[in-house]
Amino acid sequence: MTNETPVLEANDIVKELGKGAGKVMALKGVSLKLVPGELTLLMGPSGSGKTTLLSILGCILSPTSGDIRLAGQSTLGLGPEQLAALRRQHIGFIFQSYNLFPTLNAVENVRIALDVLGQKGYPAAARAEEVLREVGLGHRLQNFPNNLSGGEQQRVAVARAIAASPSIVLADEPTAALDSENGHAVMALLARIAKEQNRSVLAVTHDPRTLGYADRVVRIEDGKIVGEERRPEGVNSPEITDLTKKRRKANA
Amino acid sequence: MILTLAFRNLFHDRIRLAVTLVGILFSIVLVAVQLGLYLGSSRMITNMIEKTNSDLWITTFGAKSFEEGGLLLTPGQRHQALATPGVKAVIPMVSAFAEWRKPGGGSTRVAVVGIDAEDGGLQPWNLIEGTWDDIRAPDAIAVDRSYLKDLGIEGIGSTAQIAIGRVRVRALTEGIRSFTQSPYVFTPLQRARNLLNMDGEKGDKSTFFLVQLEPGANLETVRLALQERLEGTDVLTKAQFRDRSLGQWLFKTGAGIALIGGALLGILVGTVIVAQTLYSSTKDHINEFATLRALGSSGSYIHKVILAQAGLSAVIGYTLGMIIALLILYLSRNSPLPLVMTPGLAFSLFALTLFMCAISAVSAIMKVTKIDPATVFSR
Ligand SMILES: Nc1ncnc2c1ncn2[C@@H]1O[C@H](COP(=O)(O)OP(=O)(O)O)[C@@H](O)[C@H]1O
Ligand SMILES: [Mg+2]
Numbered sequence: 007m008t009n010e011t012p013v014l015e016a017n018d019i020v021k022e023l024g025k026g027a028g029k030v031m032a033l034k035g036v037s038l039k040l041v042p043g044e045l046t047l048l049m050g051p052s053g054s055g056k057t058t059l060l061s062i063l064g065c066i067l068s069p070t071s072g073d074i075r076l077a078g079q080s081t082l083g084l085g086p087e088q089l090a091a092l093r094r095q096h097i098g099f100i101f102q103s104y105n106l107f108p109t110l111n112a113v114e115n116v117r118i119a120l121d122v123l124g125q126k127g128y129p130a131a132a133r134a135e136e137v138l139r140e141v142g143l144g145h146r147l148q149n150f151p152n153n154l155s156g157g158e159q160q161r162v163a164v165a166r167a168i169a170a171s172p173s174i175v176l177a178d179e180p181t182a183a184l185d186s187e188n189g190h191a192v193m194a195l196l197a198r199i200a201k202e203q204n205r206s207v208l209a210v211t212h213d214p215r216t217l218g219y220a221d222r223v224v225r226i227e228d229g230k231i232v233g234e235e236r237r238p239e240g241v242n243s244p245e246i247t248d249l250t251k252k253r254r255k256a257n258a
Numbered sequence: 088m089i090l091t092l093a094f095r096n097l098f099h100d101r102i103r104l105a106v107t108l109v110g111i112l113f114s115i116v117l118v119a120v121q122l123g124l125y126l127g128s129s130r131m132i133t134n135m136i137e138k139t140n141s142d143l144w145i146t147t148f149g150a151k152s153f154e155e156g157g158l159l160l161t162p163g164q165r166h167q168a169l170a171t172p173g174v175k176a177v178i179p180m181v182s183a184f185a186e187w188r189k190p191g192g193g194s195t196r197v198a199v200v201g202i203d204a205e206d207g208g209l210q211p212w213n214l215i216e217g218t219w220d221d222i223r224a225p226d227a228i229a230v231d232r233s234y235l236k237d238l239g240i241e242g243i244g245s246t247a248q249i250a251i252g253r254v255r256v257r258a259l260t261e262g263i264r265s266f267t268q269s270p271y272v273f274t275p276l277q278r279a280r281n282l283l284n285m286d287g288e289k290g291d292k293s294t295f296f297l298v299q300l301e302p303g304a305n306l307e308t309v310r311l312a313l314q315e316r317l318e319g320t321d322v323l324t325k326a327q328f329r330d331r332s333l334g335q336w337l338f339k340t341g342a343g344i345a346l347i348g349g350a351l352l353g354i355l356v357g358t359v360i361v362a363q364t365l366y367s368s369t370k371d372h373i374n375e376f377a378t379l380r381a382l383g384s385s386g387s388y389i390h391k392v393i394l395a396q397a398g399l400s401a402v403i404g405y406t407l408g409m410i411i412a413l414l415i416l417y418l419s420r421n422s423p424l425p426l427v428m429t430p431g432l433a434f435s436l437f438a439l440t441l442f443m444c445a446i447s448a449v450s451a452i453m454k455v456t457k458i459d460p461a462t463v464f465s466r
């Protein structure tokens with residue numbers, strides 16, 4: 007599993023944000039590979055550059071320098087429309103605040119992700135219902151976001167992210183707005199998506215409850231990757247210990 | 088899904104939708120009324136010219152309109168015209184304002200139209216009582232029923248005086264109204280001459296000659312030949328005379344300019360209102376558009392949502408606007424200047440509404456073009 011070819015590869019990414027006096031170097035040379043079938047957690051303190059990295063991996067932001075390779079193809083020099091095309095073909099997004107369309111019901115919220123891909127009509131509607139059932143919302147198909155709980159809304163968002171069968175799913179703090187039970191449910195769902203559907207899932211989080219679901223944890227601090235741990239092969243529910251802290255202690 | 092999203096965005100904020108629709112509705116009604124008046128006036132002005140059966144009009148040099156041609160064309164000129172190759176018939180016609188003395192006292196101005204039906208230049212139309220034959224009786228005239236009150240008479244059998252001559256109503260028409268607000272009085276050619284013949288010199292003169300061509304004759308060749316032969320006249324095609332009359336009444340008087348100006352103002356106000364509401368709606372839904380963009384929608388997909396919103400507003404606004412415009416039209420049917428709506432005008436108004444809404448969408452589209460999809464993470 008670990009030596010599969012990466013679907014998404016970031017090489018030495020530098021990103022400057024802001025202008026003039028407010029200029030910040032949010033990423034200072036980050037390299038990262040995502041392979042299919044794995045749930046990777048990106049952890050780090052607030053302001054460490056997690057969201058920036060996720061945006062760049064998701065082809066929403068372009069790096070100041072460095073290279074992103076998506077499905078073997080470099081994104082260097084691509085324009086906004088070409089990047090949008092890459093996003094809709096390869097990447098599913100999940101956001102902290104769900105970002106559902108308040109005027110569309112659950113099925114329609116999922117269908118819109120298929121619609122931008124040109125998948126329309128009955129097959130699209132059937133596919134939308136299918137993924138909603140997959141995430142356990144078969145009984146909420148016609149509900150509008152304001153009639154769904156936070157956990158249900160995030161599950162609609164997960165359904166929307168996977169409806170078009172992307173090879174990569176990127177989630178920014180997907181559990182931050184959820185209570186413990188719903189947080190666990192969403193993380194279990196993400197792990198299942200990685201395993202059963204053989205997708206690369208990367209979730210940004212600083213929620214320690216999510217650790218148990220990870221195949222791999224990448225730690226970022228101040229725009230740099232400072233550590234990476236992997237769940238040992240064959241272990242079902244590993245305690246991934248915080249190696250970063252140990253290393254720091256050792257260094258001190 | 089584009090239409091679904093546009094529809095939901097539109098109906099999401101009912102108050103804004105109402106403002107949008109009122110804006111479009113206001114525009115449509117204003118433009119429909121202005122152009123309806125314009126069309127109504129044009130029709131009235133050119134009605135008499137359209138109804139004549141002629142290829143060319145010979146008028147006194149510089150005659151401005153149907154009612155203002157004077158009584159100057161001579162029988163000699165008529166014979167010259169008849170002798171022109173390609174000319175089949177030259178039908179004399181008289182048209183002039185005259186004073187109508189009401190039987191009960193007081194007077195008003197009328198437009199006397201004298202022509203002989205058997206010449207085939209102008210067949211009677213819209214007759215509701217009496218026949219053209221009846222008008223050949225001594226003193227007989229035909230007037231439009233809608234002017235009976237203005238003329239101070241009851242109907243068939245009523246008598247009055249035009250200039251110095253006695254007249255009796257023998258036939259009535261329905262809906263032949265005059266833009267000058269001077270009612271038309273129809274009578275045979277020679278009686279018209281006699282009625283208008285106050286100084287005794289116009290007994291054989293005419294206001295117009297209606298020229299009918301031989302089959303196969305070239306209109307422009309004959310027109311130039313006639314113009315060459317007949318000094319002191321204008322030889323015009325039907326279309327040229329129509330345009331000249333319209334120019335006289337609608338543009339020299341400024342009435343047409345005012346009507347068209349009013350219509351333009353309506354379009355402008357409507358566009359501004361729709362642009363405003365569409366822009367604010369787009370701003371309200373900007374997060375959703377950013378999400379769409381993050382999900383990988385193309386720029387044109389988002390533009391289509393906004394255009395669909397504009398288009399839906401246009402269709403709804405147009406429908407409501409037309410209902411009101413048609414109501415006004417109905418209410419105006421008996422007024423001195425009834426509005427006119429034609430399928431062409433209705434279609435043009437729809438095209439105009441769509442165009443107006445499309446223009447209105449420009450600012451909203453410029454707004455979404457600037458969306459940074461990265462904002463989806465910072466909420
Ligand atoms: N648009 C921006 N302009 C300037 N600085 C920014 C912008 N977005 C983020 N930053 C800065 O970049 C750094 C990384 O931000 P971010 O990636 O959002 O961190 P995280 O998601 O880990 O909290 C922070 O210092 C933040 O203040
Ligand atoms: Mg963040």
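First to last, the sequence lines map onto chains A and B.
The opening residue of the first sequence carries number 7 in my numbering; numbering runs sequentially from there.
The opening residue of the second sequence carries number 88 in my numbering; numbering runs sequentially from there.
All C-beta atoms in this analysis are idealised placements derived from N, C-alpha and C, irrespective of residue type, glycine included.
Original post:
Does the beta carbon of A:E87 sit closer than 9 Å to a beta carbon anywhere in chain B?
Top reply: As a working note, residue 87 of chain A is residue 81 in the first sequence. Yes, A:E87 lies at the interface with chain B (some Cβ there is under 9 Å from its Cβ).
Original post:
Taking one C-beta from the region 113-123 of chain A and one from the region 160-176 of chain A each time, how about it: are there three or more such pairs within less than 8 Å?
Top reply: yes
Original post:
Looking only at C-alpha atoms, which of A:A132, A:L76, A:Q102 and A:I226 sits nearest to A:A267?
Top reply: Past the edges of chain A, shown from 7 to 258, lies residue 267 of chain A, and the structure says nothing about it.
Subject >> Cross-chain neighbours of A:R75 in chain B, by beta carbon under 7 Å >> reply: Counting from 1 along the first sequence, the entry for residue 75 of chain A is found at position 69. In chain order: nothing, as chain B lies at least about 18 Å away.
Original post:
A:G270 to A:V13, Cα distance in whole Å?
Top reply: No answer is possible for residue 270 of chain A: the residues shown for chain A start at 7 and end at 258.
Original post:
Quick one: does the C-beta of A:D228 sit closer than 8 Å to a heavy atom of ligand 2?
Top reply: Position 222 of the first sequence, counted from the start, is the residue given in the question as residue 228 of chain A. Result no, Cβ not under 8 Å from ligand 2.
**OP:** Pick out whichever of B:E186, B:M88, B:F464 and B:G262 has its Cα sitting closest to the Cα of B:I215.
**Re:** Along the second sequence, read from residue 1 onward, the residue named residue 215 of chain B stands at position 128. Comparing Cα-Cα distances from B:I215 to each of B:E186, B:M88, B:F464 and B:G262, the minimum goes to B:G262.
Subject >> Chain-order list of residues whose beta-carbon lies under 8 Å from that of B:M88 (same chain, five-residue window excluded) >> reply: Looking up residue 88 of chain B in the second sequence gives position 1. Correct list: empty, nothing qualifies.
Original post:
Where do the ends of the beta strand (DSSP E) carrying A:E235 lie?
Top reply: Here residue 235 of chain A refers to the residue found at position 229 of the first sequence. First-last of the beta strand (DSSP E) with A:E235: K230 to R236.
Original post:
What residues come near ligand 1, if near means a beta carbon less than 5 Å from any of its heavy atoms?
Top reply: A:L23, A:G24, A:V30, A:A32, A:S52, A:G53, A:S54, A:G55, A:K56, A:T57 and A:T58
**OP:** Could you tell me if B:H166 is buried or exposed, where buried requires 16 or more neighbouring beta carbons within 10 angstroms of its beta carbon?
**Re:** Indexing the second sequence from 1 puts residue 166 of chain B at position 79. With fewer than 16 other Cβ atoms within 10 Å, it is exposed.
Subject >> DSSP state of B:L214 mapped onto helix, strand, coil >> reply: Position 127 of the second sequence holds residue 214 of chain B. In this structure, B:L214 counts as strand in the three-state DSSP scheme.
**OP:** Kindly say whether B:A105, judged by its beta-carbon, lies nearer than 9 Å to any beta-carbon of chain A.
**Re:** To locate residue 105 of chain B, count along the second sequence from 1; it is residue 18. With 9 Å as the cut-off, B:A105 does not count as an interface residue toward chain A.
Subject >> Whole-angstrom C-beta distance between A:L33 and A:K21, which should lie under 8 Å >> reply: Translated into positions along the first sequence, residue 21 of chain A becomes position 15. Translated into positions along the first sequence, residue 33 of chain A becomes position 27. The Cβ separation is near 4 Å, so the contact holds.
Original post:
Which class does A:I174 belong to by DSSP, given the choice of helix, strand or coil?
Top reply: Residue numbering aside, residue 174 of chain A sits at position 168 when the first sequence is read from its first letter. If DSSP states are grouped into helix, strand and coil, A:I174 belongs with the strands.
Original post:
Count the other CB atoms within 10 Å of the CB of A:R146; is the residue buried (16 or more) or exposed (fewer)?
Top reply: Here the question's residue 146 of chain A lines up with position 140 in the first sequence. Burial call: buried.
Original post:
Can you name the residues of chain A whose CB is closer than 7 Å to the CB of B:V463?
Top reply: To locate residue 463 of chain B, count along the second sequence from 1; it is residue 376. Within 7 Å Cβ-Cβ: F101 and N105.
Original post:
Hey, does B:T133 have any beta-carbon neighbour from chain A nearer than 9 Å?
Top reply: One-based indexing of the second sequence puts residue 133 of chain B at position 46. Closer than 9 Å: no.
Original post:
Shorter than 9 Å from the beta carbon of A:I246 to some beta carbon of chain B?
Top reply: Numbered from its first residue, the first sequence carries residue 246 of chain A at position 240. Here the model assigns A:I246 a pLDDT of 41, short of 50, so the residue's position is not dependable, and the following value carries that caveat. It does not: the Cβ of A:I246 has no partner Cβ on chain B nearer than 9 Å.
Subject >> Neighbour flag for A:S61 against chain B, beta carbons, 9 Å >> reply: Reading the first sequence from its first residue, position 55 is the one you call residue 61 of chain A. By this cut-off, A:S61 is an interface position.
**OP:** Could you list which residues in chain A have their beta carbon closer than 8 Å to that of B:M443, in chain order?
**Re:** As a first step, residue 443 of chain B is located in the second sequence; it is residue number 356 there, counting from the start. Per Cβ cutoff of 8 Å: no residues; B:M443 is ~25 Å from chain A at best.
**OP:** Quick one: grab the DSSP three-state call for A:I118.
**Re:** Sequence index remark: in the first sequence, residue 118 of chain A carries index 112 (1-based). If DSSP states are grouped into helix, strand and coil, A:I118 belongs with the helices.
Original post:
Hey, how far is the Cα of B:L439 from the Cα of B:G386?
Top reply: Working through the second sequence from its first residue, we reach residue 439 of chain B at position 352. Working through the second sequence from its first residue, we reach residue 386 of chain B at position 299. For B:L439 and B:G386, the distance between alpha carbons rounds to 26 Å.
Original post:
Short check: CB of A:N105 to CB of A:S155, under 9 Å?
Top reply: On the first sequence, residue 105 of chain A is found 99 positions in, with the first residue counted as 1. On the first sequence, residue 155 of chain A is found 149 positions in, with the first residue counted as 1. For A:N105 and A:S155, no; Cβs fall outside 9 Å.
Subject >> Straight-line gap, B:R255 to B:A227 (C-alpha atoms, nearest Å) >> reply: As a first step, residue 255 of chain B must be located in the second sequence, where it is residue number 168. As a first step, residue 227 of chain B must be located in the second sequence, where it is residue number 140. Cα-Cα distance, rounded: 5 Å.
Subject >> the region 383-404 of chain B: positions lying closer than 7 Å to chain A by Cβ >> reply: G383, S384, S385, G386 and Y388
**OP:** Pick helix, strand or coil for A:D73, following the three-state DSSP scheme.
**Re:** For the purposes of this step, residue 73 of chain A is taken as the residue at position 67 of the first sequence. In the structure shown, A:D73 sits in a strand (DSSP, three-state: E or B).
Subject >> Spatial distance of B:V463 from A:E179 (CA atoms) >> reply: Working through the second sequence from its first residue, we reach residue 463 of chain B at position 376. Working through the first sequence from its first residue, we reach residue 179 of chain A at position 173. Each residue's alpha carbon lies about 12 Å from the other.
Original post:
Taking the alpha-carbon positions, what's the B:R380 to B:A461 distance?
Top reply: In the second sequence, counting from the first residue as 1, residue 380 of chain B sits at position 293. In the second sequence, counting from the first residue as 1, residue 461 of chain B sits at position 374. Cα-Cα distance, rounded: 9 Å.
Subject >> Interface residues of chain B facing A:A91 [CB-CB closer than 8 Å] >> reply: Here residue 91 of chain A is taken as the residue at index 85 of the first sequence, counted from 1. Simply G383 and S385.
Subject >> Residues, ordered as in the chain, of the region 113-130 of chain A that lie near chain B by beta-carbon distance below 8 Å >> reply: E114, R117, I118, A119, D121, V122, L123 and K126
Original post:
Out of A:G28, A:G26, A:T181 and A:I66, which has the shortest C-alpha to C-alpha gap to A:V210?
Top reply: On the first sequence, residue 210 of chain A is found 204 positions in, with the first residue counted as 1. Comparing Cα positions, the closest option is A:T181.
Original post:
In three-state terms, what does DSSP make of A:A163?
Top reply: Translated into the one-based positions of the first sequence, residue 163 of chain A becomes position 157. Three-state result, A:A163: helix.
Subject >> Distance, B:Y271 Cα to B:P225 Cα >> reply: Position 138 of the second sequence, counted from the first residue, corresponds to residue 225 of chain B. Position 184 of the second sequence, counted from the first residue, corresponds to residue 271 of chain B. B:P225 and B:Y271: Cα-Cα distance of roughly 19 Å.
Original post:
Can you give the Cα-Cα distance for B:I373 and B:V455, rounded to whole angstroms?
Top reply: Position 286 of the second sequence, counted from the first residue, corresponds to residue 373 of chain B. Position 368 of the second sequence, counted from the first residue, corresponds to residue 455 of chain B. So the alpha carbons of these two residues sit roughly 7 Å apart.
**OP:** May I have the straight-line CA-CA distance separating B:I240 from B:E301, to the nearest angstrom?
**Re:** Here residue 240 of chain B refers to the residue found at position 153 of the second sequence. Here residue 301 of chain B refers to the residue found at position 214 of the second sequence. Those two C-alpha atoms are separated by around 44 Å.
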